[in-house]
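K.L.:
If you want it as structure tokens, here you go:
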């Protein structure tokens, strides 16, 4: 599903959650949606899933308006951080309800995932722990096979082995059944390798939308004698700089051409990559 967002505005009273946000996402990719708390991630996903009517702007999925469009929304799945969105009866009854509700839902796959996460099919959903509910939500999202599948911190509460099992299952099923997947997460380093493209928003506005590899290539750690580092970084975008005695470590954002690389080598500076999580922190900091 192709997503087109134009000048999207979402207000809650005096609070502006999304501020003229424009974004185009091609179909058939895994996107990472990153942002600090209160950045507007959950609001954006809620609008894409037609849970909320925008205050202003336009949202189209596959060329169609999404709000109050039943034919479209039955092909969209949003699993939020509360875990499973259906609380009637047991886990197996929730799966049965999803099979009835969603045309593409794969009940057999859902049951295999419940076994993978150690979920008791007969256990009441309301009686599950937070981690179990999160795992059931993940099951419902993956098994929905929805052309647009979104996870909004859906795995909060799951322990590390369960989260990694989810990442493996997501990638495996995505390769077997391609679709558009959006992952909103704070566990950036755990899932960064899954992202084909990264979207970063802050205070309701778009900061970055770029291919994951391209974004990572723009961040460079520069380490060396303070004077040489200062000379090298002059004219560049410096996200962060720390000095320890005669040595300075600076993080820069931007492309380095051959001349810059040669300058670094001549000055004896060490250049290295920085993790996506560090790049995200710098790009959304107050001094960005």
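In our numbering, the protein residues as written are 596 to 883. Yeah, the Cβ is synthetic: ideal placement off N, Cα and C, and Gly gets one too. Computed from a prediction, not measured in an experiment: that's the story for all the values here.
#1: Residue ranges of each alpha helix (DSSP H) run of no fewer than 4 residues wholly in the region 685-768, ordered along the chain?
#2: Check each candidate in 859, 700, 636 and name the one with the smallest Cα separation from residue 797.
#3: Taking only the alpha-carbon atoms, compute the straight-line gap between residue 890 and residue 747 and give it to the nearest angstrom.
#4: Could you tell me the alpha carbon to alpha carbon distance between residue 652 and residue 620, rounded to whole angstroms?
#5: Looking only at C-alpha atoms, which of 859, 644, 701, 727 sits nearest to residue 758?
#6: Return the residue from the list 814, 853, 806, 627 that minimises the CA-CA distance to residue 777.
#7: Could you tell me which residues DSSP puts in a beta bridge with residue 795?
#8: Roughly how many angstroms separate the alpha carbons of residue 882 and residue 789, rounded to a whole number?
#9: Would you say the region 736-755 touches the region 656-674, given that touching needs at least three Cβ pairs under 8 Å?
#10: Can you name the start and end residues of the beta strand (DSSP E) that residue 844 belongs to?
#11: I'd like the list of long-range same chain contacts for residue 800, defined as Cβ closer than 6 Å, with 5 residues on each side in sequence excluded.
#12: Are the CB atoms of residue 792 and residue 807 within a distance shorter than 8 Å?
#13: Tell me which same chain residues have a C-beta within less than 8 Å of the C-beta of residue 611, skipping the five on either side of it?
#14: Cβ-heavy atom distance between residue 632 and the ligand FMN below 7 Å?
#15: Mark residue 838 as exposed unless 16 or more other C-beta atoms lie within 10 angstroms of its C-beta, in which case mark it buried.
#16: So residue 814 and residue 848 are in contact, right, with Cβ under 8 Å, and what is the actual spacing, rounded?
#17: Expressed to the nearest angstrom, what Euclidean distance is found between the alpha-carbon atoms of residue 649 and residue 824?
#18: Can you grab the Cα-Cα spacing for the pair residue 867 / residue 844, in whole Å?
#19: Can you check DSSP and say which residues form a bridge with residue 870?
#20: Could you give the DSSP three-state label for residue 880: helix, strand or coil?
#21: Use the C-beta contact count for residue 874: other C-beta atoms within 10 angstroms, 16 or more gives buried, fewer gives exposed.
#22: Let me know if residue 770 comes out buried or exposed under the rule of 16 or more other beta-carbons within 10 Å of its beta-carbon.
#23: According to DSSP, which residues form a beta bridge with residue 816?
#24: Candidates 686, 749, 730, 710: which alpha carbon is nearest residue 718's?
#25: Under 8 Å by Cβ, that's how I've got residue 749 and residue 676 pegged, so tell me the actual separation to the nearest angstrom.
#26: Quick check on the DSSP output: the beta strand (DSSP E) that includes residue 641 runs from which residue to which?
#27: Going by DSSP, what residues sit across from residue 835 in a beta bridge?
P.N.:
According to the structure data:
#1: Listed in chain order, the complete alpha helix (DSSP H) runs (minimum 4 residues) inside the region 685-768 are 686-696, 702-711, 725-739.
#2: Working through the chain shown from its first residue, we reach residue 797 at position 202. It is 636.
#3: As displayed, the chain neither begins before 596 nor continues past 883, which places residue 890 out of reach and without an answer.
#4: Mapped onto the chain shown, residue 652 falls at position 57. Mapped onto the chain shown, residue 620 falls at position 25. Rounded to whole angstroms, residue 652 to residue 620 spans 16 Å at the Cα level.
#5: In the chain shown, counting from the first residue as 1, residue 758 sits at position 163. Sorting 859, 644, 701, 727 by C-alpha distance to the C-alpha of residue 758 places 727 at the top.
#6: Stepping through the chain shown from its first residue, residue 777 is reached at position 182. Closest in C-alpha terms to residue 777, from the list 814, 853, 806, 627, comes 627.
#7: Counted from its first residue, the chain shown places residue 795 at position 200. Residue 795 is bridged to 629, 803.
#8: The residue given as residue 882 occupies position 287 in the chain shown. The residue given as residue 789 occupies position 194 in the chain shown. At residue 882, the pLDDT of 49 sits below 50, so the modelled position is not reliable; the number obtained from the coordinates is stated separately. Rounded to whole angstroms, residue 882 to residue 789 spans 29 Å at the Cα level.
#9: By the criterion of at least three beta-carbon pairs nearer than 8 Å, the region 736-755 is in contact with the region 656-674.
#10: Residue mapping note: residue 844 aligns to position 249 of the chain shown, counting from 1. Counting along the chain, the beta strand (DSSP E) containing residue 844 begins and ends at 842-848.
#11: Against the chain shown, residue 800 aligns to sequence position 205. Close CB contacts of residue 800 within its chain, under the 6 Å cut and outside five residues either way in sequence, are with 614 (chain order).
#12: Position 212 of the chain shown holds residue 807. Position 197 of the chain shown holds residue 792. In this structure, the beta-carbon distance from residue 807 to residue 792 falls below 8 Å.
#13: Along the chain shown, read from residue 1 onward, the residue named residue 611 stands at position 16. Once the five neighbours on either side are set aside, the close Cβ partners of residue 611 are 604, 605, 799.
#14: Absent from the structure shown: the ligand FMN. Ligands present: none.
#15: Translated into the one-based positions of the chain shown, residue 838 becomes position 243. By the neighbour-count rule (16 or more Cβ atoms within 10 Å), residue 838 is not buried but exposed.
#16: Sequence index remark: in the chain shown, residue 814 carries index 219 (1-based). Sequence index remark: in the chain shown, residue 848 carries index 253 (1-based). Contact holds; Cβ gap of about 6 Å.
#17: Indexing the chain shown from 1 puts residue 649 at position 54. Indexing the chain shown from 1 puts residue 824 at position 229. For residue 649 and residue 824, the distance between alpha carbons rounds to 47 Å.
#18: In the chain shown, residue 867 corresponds to position 272, counting from 1. In the chain shown, residue 844 corresponds to position 249, counting from 1. Their backbone Cα atoms lie some 11 Å apart in a straight line.
#19: Taking the first residue of the chain shown as position 1, residue 870 is located at position 275. Residue 870 has no beta-bridge partner at all, per DSSP.
#20: If you number the chain shown from 1, residue 880 lands on position 285. Residue 880 falls in the coil class under three-state DSSP.
#21: For the purposes of this step, residue 874 is taken as residue 279 along the chain shown, with counting starting at 1. Around the C-beta of residue 874, 16 or more other C-beta atoms lie within 10 Å, and the residue is accordingly described as buried.
#22: For the purposes of this step, residue 770 is taken as the residue at position 175 of the chain shown. It counts as exposed.
#23: Working through the chain shown from its first residue, we reach residue 816 at position 221. Among the bridge pairs identified by DSSP, residue 816 is matched with 846, 867.
#24: By 1-based counting over the chain shown, the position of residue 718 is 123. Looking at 686, 749, 730, 710, the one whose alpha-carbon comes closest to that of residue 718 is 686.
#25: Numbered from 1 along the chain shown, position 154 holds the residue referred to as residue 749. Numbered from 1 along the chain shown, position 81 holds the residue referred to as residue 676. Correct: roughly 6 Å between the Cβ atoms.
#26: As a working mapping, residue 641 is identified with position 46 in the chain shown. Looking at the DSSP string, residue 641 is not in any beta strand (DSSP E); the run it does join, the alpha helix (DSSP H), is 636-643.
#27: Taking the chain shown and counting its residues from 1, the one referred to as residue 835 is at position 240. In DSSP, residue 835 forms a bridge with 846.
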